[in-house]
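Novice: Got a structure for you, questions after.
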Amino acid sequence: MLKRNKTVAWLARKSETEREHVLKASKKCSKALRTKHRQQEKVVWLQVHERITDNERKKKEKELQVAVEKQRIMDCVLKHDGPVHSVQDIQAVSCSGVEALKNQLKYLKVILGKRVKVSGTKVQLEAALKAFVKGDESSIIVSPPRKRRKILEDDSSFDSSNSSSSSSDDDDSDTSTDIFTFERQGQ
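In my numbering, the protein residues as written are 23 to 209.
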């Protein structure tokens, strides 16, 4: 630090008495500066510690809210004879109303982790439950994640811009097909 701020060179230009005076003054101020620096470090440490504890508290509250929501859904589903296992169960729940159907779909979504859409008309909700009971998950009303949809839209705009900018001599259909199929293999 002394080399960077050129303190040694500055001190060399001073006379002997001025050097002694400056060194004595710096010794007097150094203790106060050290305590001030320690206090600043302590304040920063306390802020970081406070932020960490706050994040932990928020995480626990969120977990508690999720547990309460799951319990509420379970109570609503159990009120209507538990989760549906057959078409007759769906018809019985359907007689109870749209809210009972939505609770069954929320059970599938939140408790079982299925990707289903919970909104819609009574007929749509019944169809989604029937499709799940039959094991035909492809016909369930699904809402794809937004990020994935945005990525796919970006890929399609990238492919169209590449195909328009390439010349007719280039045969890049193999590479673009390989890239396309490679990205989609894990799905």
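We put the CB at the ideal spot given by N, CA and C, even for glycine.
1) Can you give the Cα-Cα distance for E85 and L147, rounded to whole angstroms?
2) For N27, is the classification buried or exposed, using 16 other Cβ atoms within 10 angstroms of its Cβ as the cut-off for buried?
3) Which one of L151, S48, W67 and Q62 has the shortest CA to CA distance from V120?
4) Do the region 117-137 and the region 79-95 meet, that is, are 3 or more Cβ pairs less than 8 Å apart?
5) Using a Cβ-based criterion (distance less than 7 Å to any ligand heavy atom), does L127 qualify as near the ligand GDP?
6) Please report the straight-line C-alpha distance between R41 and V30, rounded to a whole angstrom.
7) Using a Cβ-Cβ cutoff of less than 7 Å, which residues in the same chain neighbour H102 once the five nearest sequence positions on both sides are dropped?
Specialist: A quick look at the data gives this:
1) Taking the straight line joining both Cα atoms gives about 28 Å.
2) Exposed is the call here.
3) Distances from the alpha-carbon of V120 to those of L151, S48, W67 and Q62 put L151 closest.
4) Between the region 117-137 and the region 79-95 there are three or more inter-stretch CB-CB distances shorter than 8 Å, so the stretches are counted as touching.
5) Absent from the structure shown: the ligand GDP. Ligands present: none.
6) So the alpha carbons of these two residues sit roughly 11 Å apart.
7) Counting only Cβ-Cβ distances below 7 Å, and skipping sequence neighbours, we find V115, S118 and A122.
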